[in-house]
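One structure is given below, encoded as structure tokens.
Numbering (UniProt numbering), first residue to last: 1 to 106.
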């Protein structure tokens with residue numbers, strides 16, 4: 001008995017799964033970065049102690065998540081931020097703000 005595999009179906013399924021996983025990873029990063037920022041503001045001493053125990057790569061991830069969470073918090077709390085970006089013709093203000101924060105903090 002010969003098993004025939006349809007390559008088209010496999011590729012379509014792989015594309016759907018990979019796109020779903022990428023979207024899930026982005027959403028998970030945004031949610032977790034908000035949680036890291038909230039934790040760092042509410043429990044600053046505990047955050048600092050845990051941050052100092054991390055290795056260099058862990059510190060880089062934690063600080064980038066904290067910065068991203070800070071930008072999320074400022075954009076979500078400022079209800080006029082999205083209106084102002086639409087007037088200026090910028091639709092990607094969130095990503096511009098995140099990259100500007102990351103550049104300024106280095």
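The beta carbon of each residue, even a glycine, is placed where N, CA and C say it ideally should be.
Residue i, enclosing alpha helix (DSSP H) - first and last residue
i: residue 92; result: First-last for residue 92: undefined, no H or E at that position.
i: residue 17; result: 7 to 42
i: residue 77; result: 56 to 77
Residue burial classification, residue i (beta-carbon count within 10 angstroms, cutoff 16)
i: residue 37; result: buried
i: residue 49; result: exposed
i: residue 58; result: exposed
i: residue 2; result: exposed
i: residue 18; result: exposed
Residue j beta carbon less than 8 angstroms from that of residue i
i: residue 54; j: residue 33; result: no
i: residue 94; j: residue 75; result: yes
Cutoff 6 angstroms; reference residue i; Cβ partners in own chain excluding five residues on either side
i: residue 108; result: Here the chain has residues from 1 to 106 only, and residue 108 is not among them.
Proximal residues to residue i (C-beta, below 7 angstroms), its chain only, five neighbours per side dropped
i: residue 40; result: 47, 66
i: residue 62; result: 36, 51, 54
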